[in-house]
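First up is the structure itself, then whatever we jot down about it.
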Amino acid sequence: MFLNTIRSSEGARKKSKRVGRGIGCTLGKTCGRGHKGQKARSGGFHKVGFEGGQMPLQRRLPKIGFTSLISKYSAEVRLNELNNLAAEVIDLKVLVAANIVPVFTKKAKIIKSGELTKPVVVRGINVTGGARKSIEAAGGKVEV
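If you number the sequence shown the way the working numbering does, the last residue is 272 and the count never jumps.
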């Protein structure tokens with residue numbers, strides 16, 4: 129193989145439009161732009177979404193909120209859900225493995241909902257004030 133013999137495969141390169149090359153070509157004279165009007169002129173074009181002065185669609189439709197990434201990647205864990213876990217040290221990996229929080233969760237927070245009956249060590253998970261008191265009352269501790 130030589131450099132001068134290398135070719136692109138058939139159909140890989142599309143031929144460019146050659147406009148204004150006479151009447152024998154379909155793109156002669158007006159070059160495919162038709163006769164007169166704003167789109168026929170050079171530099172005569174309007175912004176995206178312009179509807180001739182009519183209120184454009186993106187402004188006619190109502191605006192509705194957005195999806196917060198904070199709520200998408202964070203989860204709440206109830207205190208009574210910790211009773212079902214076999215692990216004594218509870219972190220995010222343990223919660224994901226037990227299907228308490230979704231796999232893509234980056235932050236979790238334990239809230240006081242229900243009772244905790246066994247001592248556990250909570251590591252790397254945010255805890256509300258009431259949940260912290262309940263965990264410590266059950267003989268566990270919270271490590272940040």
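Even for Gly, the Cβ is constructed at its ideal location relative to N, Cα and C. The structure displayed is predicted, hence computed values, not measured ones.
For residue i, three-class secondary structure by DSSP
{"i": "N227", "result": "coil"}
{"i": "K261", "result": "helix"}
{"i": "V222", "result": "helix"}
Exposed unless 16 or more other CB atoms sit within 10 angstroms - verdict on residue i
{"i": "V217", "result": "exposed"}
{"i": "V272", "result": "exposed"}
{"i": "A273", "result": "Because the chain is modelled from 129 through 272, residue 273 falls outside the range shown and cannot be assessed."}
{"i": "G268", "result": "buried"}
{"i": "V231", "result": "exposed"}
{"i": "L207", "result": "buried"}
Same chain only: Cβ atoms within 7 Å of residue i, ignoring 5 sequence neighbours per side
{"i": "V222", "result": "L213 and A215"}
{"i": "K260", "result": "Contrary to the premise, residue 260 reads as Arg rather than Lys in this sequence. Excluding positions up to five away in sequence, the list reads V270."}
{"i": "I73", "result": "What the structure shows of the chain is the stretch from 129 to 272, and residue 73 is not part of that stretch, so it cannot be assessed."}
Among the options, nearest to residue i - alpha-carbon criterion
{"i": "N254", "options": "K234, L244, A266 and G160", "result": "K234"}
{"i": "G257", "options": "S241, T245 and K246", "result": "S241"}
Near the ligand FAD: residue i beta-carbon under 7 Å from a heavy atom
{"i": "R146", "result": "The ligand content of the structure shown is nil, which means the ligand FAD is not present either."}
| task | Taking only runs that begin and end inside the region 159-209, name each unbroken beta strand (DSSP E) of 3 or more residues, in chain order. | result | 202-206
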